[in-house]
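Working notes, beginning with the structure itself.
Residue numbers (UniProt numbering): 1 to 123.
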């Protein structure tokens with residue numbers, strides 16, 4: 001299912017869905033290995049650059065704020081990235097709510113747990 005694929009490819013692993021038969025486990029092995037190779041090679045490169053830039057902007061904004069008191073452009077970049085992250089979480093929550101009919105707070109929680117790859121095992 002889509003749920004299992006997202007769970008596997010995001011490496012979250014909530015633990016509530018797992019293959020139980022030999023044939024489905026064999027399929028899962030190939031799905032996990034191939035999917036993660038593709039996913040991590042493509043997304044990893046992009047996310048690495050985004051995260052590095054994000055934290056550089058945060059450090060620069062803090063440093064500029066302490067040193068000069070003027071960090072408008074750095075703060076604007078930081079807030080822009082926070083807004084983009086919020087939009088991504090909201091879009092994911094809306095999609096999940098539309099597909100599953102789950103309450104909004106659960107949808108947002110699911111998206112945050114998924115995006116952060118925490119995987120608490122309670123969803």
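Even for Gly, the Cβ is constructed at its ideal location relative to N, Cα and C. Computed from a predicted structure; not experimentally measured.
Distance from the Cα of residue 50 is smallest, within the candidate group 35, 31, 85 and 21, for 85. In the three-state scheme derived from DSSP, where H, G and I count as helix and E and B as strand, residue 20 is classed as coil.
CA-CA distance, residue 102 to residue 34, rounds to 30 angstroms.
Comparing alpha-carbon positions, the option among 100, 98, 99 and 92 lying closest to residue 113 turns out to be 92. The beta carbon of residue 9 lies closer than 8 angstroms to those of 35, 36 and 39 in the same chain, with the five residues before and after it left out.
Here the alpha carbon of residue 78 sits roughly 44 angstroms from the alpha carbon of residue 26. In this chain, residue 102 is not harboured by any alpha helix (DSSP H), its DSSP state being neither H nor E. Here the C-alpha atom of residue 12 lies approximately 31 angstroms from the C-alpha atom of residue 75.
Going by beta carbons, residue 89 and residue 107 fall outside the 7 angstroms limit. Here DSSP, grouped into helix, strand and coil, assigns residue 48 to helix.
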